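Residue numbers (the UniProt record's numbering): 1 to 168.
All residues carry an ideal CB built from backbone N, CA and C; glycine is no exception.
Just so you know, these numbers come straight off a predicted model, no measurement behind them.
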């Protein structure tokens with residue numbers, strides 16, 4: 001009887017295969033910062049894929065003033081769009097809704113393959129962690145305009161399951 005259980009367990013384990021998972025943890029749901037000071041936004045991750053070659057870390061920012069619904073512009077085709085609209089669309093996070101409308105969440109930091117870039121109003125004020133398992137960023141000289149929601153997004157293909165986003 002015990003042998004039959006282990007035999008079934010072994011067969012099911014083999015059929016299930018390996019599951020790849022990214023898990024992002026944000027320990028602090030809220031951070032209070034003094035104007036002009038620096039803040040570290042902590043984002044910790046685990047991944048079941050040993051290789052970090054395709055690992056990407058992205059931080060996005062949703063401004064406090066923009067938390068009410070606003071109109072969207074389509075980014076599927078930039079043909080016929082004004083230059084300002086195209087520029088705004090290209091600054092957006094890569095996500096689009098079912099109608100192809102851009103997300104109005106601005107990407108502020110992106111890191112992949114050891115190369116990192118800070119974008120927009122945070123361009124010269126963000127430094128990222130280089131430690132494995134740590135996707136935290138430090139923003140210097142915080143301003144009232146920096147109030148809002150920050151999103152940490154970690155991807156490491158073929159890890160497509162799990163909670164790869166954290167919100168602060």
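Tell me whether the beta-carbon of residue i lies closer than 8 angstroms to the beta-carbon of residue j.
{"i": "residue 139", "j": "residue 39", "result": "yes"}
{"i": "residue 133", "j": "residue 109", "result": "no"}
{"i": "residue 60", "j": "residue 153", "result": "yes"}
Rounded to whole angstroms, what is the Cα-Cα separation between residue i and residue j?
{"i": "residue 117", "j": "residue 106", "result": "14 angstroms"}
{"i": "residue 142", "j": "residue 124", "result": "12 angstroms"}
{"i": "residue 23", "j": "residue 162", "result": "6 angstroms"}
{"i": "residue 114", "j": "residue 131", "result": "11 angstroms"}
{"i": "residue 137", "j": "residue 41", "result": "5 angstroms"}
I need the boundaries of the beta strand (DSSP E) containing residue i, first residue and last residue.
{"i": "residue 41", "result": "39-41"}
{"i": "residue 161", "result": "161-163"}
{"i": "residue 44", "result": "44-47"}
{"i": "residue 128", "result": "126-128"}
Using 10 angstroms around the beta-carbon of residue i, count the other beta-carbons present and answer buried if the total reaches 16, otherwise exposed.
{"i": "residue 166", "result": "buried"}
{"i": "residue 54", "result": "exposed"}
{"i": "residue 35", "result": "exposed"}
Please tell me whether, using a cut-off of 7 angstroms, the distance from the CB of residue i to the nearest non-hydrogen atom of the ligand GTP is below it.
{"i": "residue 127", "result": "In terms of ligand content, the structure shown is empty, and the ligand GTP therefore cannot be addressed."}
Just confirm the distance between the C-beta atoms of residue i and residue j, as a whole number of angstroms; I'd bet it's less than 8 angstroms.
{"i": "residue 43", "j": "residue 145", "result": "No, residue 43 and residue 145 are not in contact; Cβ-Cβ is about 22 angstroms, not under 8 angstroms."}
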